[in-house]
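Everything on this sheet refers to the single structure shown next.
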Amino acid sequence: MAGQHYERAIQLYEKLEASYPFGVYAQQAQMEVAYAYYKAQDQAQALAAVERFIKLHPNHANVDYMYYLRGLVNFNDQLSLLNFVYEQDPAERDPKATREAYAAFKALVDKFPNSKYTPDAIDRMKYLINTMAKYEVYVARYYYRRGAYLAAANRAQDAVRDYRDSPEIEEALWIMARSYDKLGNVTLRDDTLRVFKQNFPNSKFIEDGAPKPERKWWKFWGDRQAMPGDQKAPPSNA
-10 MAGQHYERAI QLYEKLEASY PFGVYAQQAQ MEVAYAYYKA QDQAQALAAV
40 ERFIKLHPNH ANVDYMYYLR GLVNFNDQLS LLNFVYEQDP AERDPKATRE
90 AYAAFKALVD KFPNSKYTPD AIDRMKYLIN TMAKYEVYVA RYYYRRGAYL
140 AAANRAQDAV RDYRDSPEIE EALWIMARSY DKLGNVTLRD DTLRVFKQNF
190 PNSKFIEDGA PKPERKWWKF WGDRQAMPGD QKAPPSNA
């Protein structure tokens, strides 16, 4: 494992578990296998190993780590998805991995609020909320610029409803107001503008007068600083 020969490490840990299936070393081997698959970037096998451990040892002293690892696996899968769609139109894709990563970290936070992994999970959840909000606003902008104003308003409204703490709400409200204006719905336009100006009285959108130019929304994640749990190995029972 230390030499990063993950396939060989997995073979040896599985041999250990098969030869001595009872006791802390077998349980530790199961955790190490999950971590090795994670390091080898085999998301499917890593998640399978995590779920197996949680099912077999729901009361294990370090089961919180396995919940955390499940979040990390999905988190890295979410970043891999963004790399994969780099040359594709993101408006045609559903960021499923992002939502799964968020749900995995939320399960840890809800079940183990005092875990040492919970603070890092909360930080990642905040990042993922902004990721999902950015995606929704991108799609709303995509529809607006193509004249699909009702779809733009609905998508922006989804962002406002689901991610109200995200900074992306500013643009989402502005797109809603502009879309309602294009649709001739004066009542909804004025209501949205009232909320917008109340919350963002100095918004740059008021001066610009239009949604931002389209941009590759997924590139924002590249500025993410390394998080403290990125390379965290499973705790040892030894």
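Just so we're aligned, residue -10 is where the sequence shown starts under the numbering used here, counting upward by one.
Where is the CB? At the ideal position from N, CA and C, for every residue including glycine.
So which of the options has the shortest CA-CA distance to residue i?
i: N143; options: Y2, L172, R41; result: L172
i: D112; options: Y26, L61, Q32; result: L61
i: A148; options: Y(-5), I118, Y138, R167; result: I118
i: P84; options: L97, N63, K100, M(-10); result: N63
i: N191; options: W163, T176, D180; result: W163
i: K115; options: A37, K44, K95; result: K95
i: S225; options: A50, V175, D99; result: A50
i: P223; options: A35, F11, S8; result: A35
Helix, strand or coil for residue i? Go by DSSP, reduced to three states.
i: D154; result: coil
i: F101; result: coil
i: N48; result: coil
i: S168; result: helix
i: Q(-7); result: coil
i: A93; result: helix
i: N143; result: helix
i: Q30; result: coil
i: K221; result: coil
i: A137; result: coil
i: N191; result: coil
i: F73; result: The pLDDT assigned to F73 is 41, lower than 50, so where the model puts this residue is not dependable; a value taken from the coordinates is nonetheless given after this. F73: helix per DSSP, three-state reduction.
Can you tell me where the alpha helix (DSSP H) with residue i in it begins and where it stops?
i: N188; result: 175 to 188
i: P108; result: 107 to 134
i: F11; result: No alpha helix (DSSP H) contains F11, which DSSP labels as neither H nor E.
Near residue i, which residues of its chain fall below 7 angstroms by C-beta distance, leaving aside the five closest residues on each side in sequence?
i: H46; result: Q16, V52
i: D170; result: R178
i: M(-10); result: A(-2), E21, A25
i: F42; result: Q19, M20, A23, M55
i: Y138; result: S168, K171, L172
Between which residues of its own chain and residue i is the CB-CB distance below 6 angstroms, once the five residues before and five after are set aside?
i: Q214; result: For Q214, the pLDDT reaches just 42, beneath the cut-off of 50, and the residue's location in the model is therefore unreliable, although a value from the coordinates is still provided. Within the same chain, Q214 has no close Cβ partners at all.
i: A122; result: A148, Y152, S155, E157
i: Q0; result: none
i: N161; result: Here the sequence assigns Ala to residue 161, which means Asn is not the residue at that position. Result list for A161: V126, A145, A148, V149, in chain order.
i: R59; result: V39, A93
i: K28; result: Y(-5)
i: T120; result: T87
i: L5; result: A18
i: F189; result: E159
Please go through the same chain and pick out, in chain order, the residues whose beta-carbon is closer than 8 angstroms to the beta-carbon of residue i, but skip the five residues on each side of it.
i: E81; result: Caution is warranted here: a pLDDT of 45 is assigned to E81, below 50, making its placement in the model unreliable, and the coordinate value is therefore given only provisionally. Contacts found: none.
i: Q(-7); result: K28
i: T181; result: L162, M165, A166, Y169
Just checking, does the segment 51 to 59 make contact with the segment 105 to 121 on the three C-beta pairs under 8 angstroms criterion?
-> yes
Could you tell me whether the segment 177 to 195 touches the segment 7 to 18, using the rule of 3 or more Cβ pairs below 8 angstroms?
-> no
Within the chosen definition, does the segment 131 to 139 reach the segment 89 to 98 through at least 3 CB pairs nearer than 8 angstroms?
-> no
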